[in-house]
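Structure record follows, encoded as structure tokens.
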Amino acid sequence: MSIWVNGEEQQGDPRPGQCLRTFLRERGHTEVKKGCDAGDCGACSVLVDGEAVHSCVFPAFRADDRDVTTVAGLGGPGDLDPLQRRFVEAAGFQCGFCTAGMITTAATLSEEQLAELPQSLKGNLCRCTGYRAISDALGGRVNVEKSGGVGDSVAAPAAVRVVTGTEQYTMDFEPPGLLHLAVLSSPVAHAKIVDIDTSAAAAVDGVHLILTHRDSPDVAFSTARHENRADDPDDTVVLDDTVRFVGQRVAAVVADSVAAAERACRAIAVTYEQLPAVFDADAARAPGAPLLHPDKSADARIADPARNIVAEVHGGIGDVAAGVDAAMAADGEVVQQRYTTQRVQHTHLETHGCTGWRDDDGRLVLRTSSQVPFLVRDELCHVFGLSREDVHVFTRRIGGGFGGKQEMLTEDIVALAVLRLGRPVRYEFSRSDEFTMAPCRHPFRIDVTAAAGPDGVLTALAVDVLTDAGAYGNHSPGVMFHGCSESVSVYRCPNKRVDAQSVYTNNIPSGAFRGYGLSQMIFAVESALDELALRLDLDPFELRRRNVVVPGDEFVDAAVGHGDLMFGSYGLDQCLDLVQRALLDGNDAKTPPGWRVGEGMALAMIATIPPRGHFAEASVTLAADGRYQLSVGTAEFGNGTTTVHTQLVASELNTTPDRVEVHQSDTEATGYDTGAFGSAGTVVAGTAVLAACRELRSAMLSAAAALTGSGPHACELTPHGVQCGTRLVEFAELPASLVGCGRHEGTPRSVAFNVQGFRVAVNPDTGEVRILQSVQAADAGVVINPEQCRGQIEGGVAQAIGSALYEQMIVGPDGTVLTQVLRNYHIPQFADIPVTEVYFADTVDQLGPMGAKSMSESPYNPVAPALANAIARACGARVRDLPMTPARVWRTLDQPAPSG
Ligand code: FES
């Protein structure tokens, strides 16, 4: 067969059943991305004879003798296609994994179709942006500036590579002799493996290695990665002889091809001795419940394995019962309600995966899609008894993470295979694996008690929390502690109580996800406060103003004070004002006839750095031509830290962003970095970058002063050299060895704020919710890149709208995840997401780099309660369980309206 790809002939016969995507990727066209295998996401879109197709469901043989165009074939030689240029100029991407497919599809649209993007681009999903930036790109809006420093909307350094498909992602590289790994997963929720017969699998053509629990290192770990590995229980091994959820790894096969490895997996015969299973978190902690990890010792750091308790916290101040009594005695109000949240999948378009090999010195090398390459390296050393010098882990650009890649899900089994075989091995999750094997957002059940006098001043605030950890405790202690912290400590109250438990069940494990427990807790607390405001007939903004913490207050949740947490700046008051003003001003969205309209709001506070240590090192060097090389360990997965770091260097060293080259996320080539999570890329790594710049700047000024005989204070750094009086010392005259180094240890920590407002219309006949206005105000300190920060906020709001209204993983009665493809797991499409008005508070943080605060995960957190509050005010009743589907909203319509 012969096809013409971007004007060049490609020959070769496809394998039976092979799709065009793999055919193209195997021939080096890695600009064609893999996001699913079902034609749902559009990341693989190409043109066949000018018509856009999803190449993952397009049989390769049908391209015979036809013209195929990928994103790389759109521009002229050395020039960008106008559409590609528009995506650069509008900052039309974040991780960029969807971008090639998005541009390729858009290339076929007529003017009329471009005016109907929700319909025209319904086959292309973006999980990061919230679609506004893509809409701007296709509309020809210019959102970025060509150059600039802190405060300017500079384009991402990788922009041209992303829009042309040349930016390297994890799977866009294949070492010679690559083998492929596939996994056999458990069909049962709880069982002992009595026997595994691998003889038939071993006979499959092309099989090189079969791994079972007999091959696994006997070292327990957690797939969750944190700076302090003791933060998570050691309850997992590479391959276990007990399975605890449907989807758990049972065995792995390494073969010449994915197909051969999967065929061999199907030939493995496993004999299970089924054990009783428990799927309800409340039942799991009751006496007599089946135990998930009864064999684990105290060394595993499980709070109480005899009761399935992974972690728990109990504490507070004052007396909640007395606070409730005081409210009642004063003719105030008390709200006591239960709220629940559901399982949600991250759905980053790039799935988990890594490729491992041994380098020429015999060291283990892993190229992986991870937010935490240094922590992966350290844990592999722990599991396999290796030294740090024996293991090299690095990332290229990552196609989205949202916390899902703060887990070690593929690296351990690939490492085991490479160490056994000595050959390169790849393991890549399918989209279905993401749903059935990767951790999801923790489901929470939260009982809130909130009491206030008639003036709306809180007299009691208590939360009783139960979270479902699933079969393993990865991230469960952290998610529970974090969830119960800022959600409660943002309010002053003399009587507070937090009781929380995280419990093992035989469900799919839960893990880290944008917001890290706060979104679930804030849904409950902010809903309860709105119910209180309604009953007291108080404006919800006013109720918040009377109760939120202000500088000088202590942070109180289960404990008083949080050591290094402080008000580096405070913009919550401004955020409340900005959102209230925007809702008052309204917009021109029309209310459908007969629908009921309401407005709602909610607020959120978040610590700008994870607690208990988060480390980053950075170094900056100067080249003779005046370019700077920045080395920093944090990974880029669409969060934009590369752009932020580039701007910090440009501002501090008085140069332009195009003269800054960034090397990142490589355990061999950069300094240590705990990882890109907890929104630490700007504040922690950014502070290290700034310190490195300041050291280099000082060294450059001293060297120039010495050369000219002036004092260092008489010298000034310019884009062309160091000006000392009338003499310009050129960069080439300075010593080549000049380097600046910086480090930050993640302390002290500040707080950032987000306030969300919605005006919604509810169809009383169907329960359908339509968003008429969406507003978010953020206190991000000094906003280093306004367009990028706006994109983070819009993307967070879009994700949160999905999980507030419809996203939900459905789990069957036997623990099987039933939502296994994007087609039956609804993530927001173009048509689902309104434009969000974004406003920034005007603050300067005393702790963050150049006054900045983090703003990646927190925009998600106030969205669901603001929607719930708007729906309640629109239709007179309240949904307390997520997602707020039309059916749930419709059912609430028949309930009596709350008093007040
Ligand atoms: Fe669209 Fe990440 S930018 S999926």
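According to our numbering, the sequence shown is numbered sequentially starting from 15. Quick reminder that beta carbons are idealized off the backbone N, C-alpha and C, glycines included. All values derive from a computational prediction rather than experimental measurement.
For this session: Would you kindly work out how many angstroms separate the C-alpha atoms of A746 and D680, rounded to a whole number?
Result: 29 Å
Exercise. What do you reckon, is the C-beta of L363 under 6 Å from a heavy atom of ligand 1?
Worked result: yes
Exercise. Is there at least one non-hydrogen atom of ligand 1 closer than 6 Å to the beta-carbon of C140?
Worked result: yes
Exercise. Is the Cβ-Cβ distance between Q420 and A526 less than 7 Å?
Worked result: yes
For this session: Identify every run of the beta strand (DSSP E) within the stretch 732-775, keeping only runs that are complete inside it and at least 3 residues long; order them along the chain.
Result: 735-738, 741-744 and 753-758
Exercise. Within 6 Å: the Cβ of T657 and any heavy atom of ligand 1?
Worked result: no
Problem set entry | Residue from Q133, V835 and G302 with nearest C-alpha to A845 | Q133
Exercise. Where do the N-terminal and C-terminal ends of the beta strand (DSSP E) with L472 fall, by residue?
Worked result: L472 to G484
Exercise. In angstroms, rounded to a whole number, what distance separates the CA positions of H758 and I207?
Worked result: 47 Å
For this session: Go ahead and pull the three-state DSSP assignment for F581.
Result: coil
Exercise. Under a three-way DSSP split, which group does M494 fall into?
Worked result: helix
Exercise. How many Å lie between G862 and T701 at the Cα?
Worked result: 7 Å
Exercise. Which two residues bound the contiguous alpha helix (DSSP H) that contains E125?
Worked result: E125 to L128
Exercise. For C589, which residues from the same chain have a beta carbon less than 6 Å from its beta carbon, with the 5 sequence-adjacent residues on both sides left out?
Worked result: F767, V769, A791, D793 and A855
Exercise. Which class does S913 belong to by DSSP, given the choice of helix, strand or coil?
Worked result: Interpretation of S913 is limited by its pLDDT of 46, a score under 50 that renders its predicted location unreliable; no figure is taken from the coordinates.
Exercise. Any idea what DSSP makes of E65, helix, strand or coil?
Worked result: strand
For this session: Measure the C-alpha to C-alpha separation of A694 and G585 and round it to an integer number of angstroms.
Result: 20 Å
Exercise. Can you name, in chain order, every residue of its own chain whose Cβ lies under 7 Å from the Cβ of K310, other than the five neighbours on each side?
Worked result: D249, I316 and P319
Problem set entry | DSSP state of D567 mapped onto helix, strand, coil | coil
For this session: Go through its chain and collect everything with a Cβ distance to A911's Cβ below 7 Å, but skip five positions before and after it.
Result: Because A911 carries a pLDDT of 45, less than 50, the predicted location of this residue cannot be relied on, and no value is offered for it.
Problem set entry | Minimum length 3: unbroken beta strand (DSSP E) runs contained in the stretch 299-331 | 323-331
Exercise. Cβ of T481 within 7 Å of Cβ of L896?
Worked result: no
For this session: Select from A335, V663 and I522 the residue whose C-alpha is nearest the C-alpha of Q359.
Result: I522
Exercise. Quick one: what's S633 bridged to in DSSP?
Worked result: S645 and C755
For this session: Would you mind working out which of A325, L198 and R263 sits nearest R244, comparing C-alpha positions?
Result: The displayed chain sequence assigns Ala, not Arg, to residue 244. Closest option to A244, Cα to Cα, is A325.
For this session: Under the assumption that N520 contacts V292 (Cβ atoms under 8 Å), give the Cβ distance between them as a whole number of angstroms.
Result: 6 Å
Exercise. Which residues in the same chain have their Cβ closer than 7 Å to the Cβ of M714, if we skip the five residues on either side of it in sequence?
Worked result: L636, L731, V736, L748 and L752
Exercise. Is it buried or exposed for L915, if we count other Cβ within 10 angstroms and need 16 for buried?
Worked result: Given a span of 15 to 914 for the chain in the structure shown, any question on residue 915 remains unanswerable.
Problem set entry | Span separating the alpha-carbon of A343 from that of G484 | 43 Å
Exercise. Nearest-angstrom Cα distance between D95 and R440?
Worked result: 34 Å
Exercise. Should Q108 be listed as close to ligand 1, given that the test is whether its C-beta is under 6 Å from any heavy atom?
Worked result: yes
Problem set entry | Distance CB(G106)-CB(A147) smaller than 7 Å | yes
For this session: With a threshold of 16 other CB atoms inside 10 Å of the CB of S401, please say whether the residue is buried or exposed.
Result: exposed
For this session: Would you check whether ligand 1 has a heavy atom nearer than 6 Å to the C-beta of T178?
Result: no
Exercise. Under a Cβ-count criterion, where at least 16 other Cβ atoms within 10 Å of its own Cβ denotes burial, should N838 be classed as buried or exposed?
Worked result: exposed
Exercise. Whose C-alpha, out of A169, E126, K160 and P73, is nearest the C-alpha of C803?
Worked result: A169
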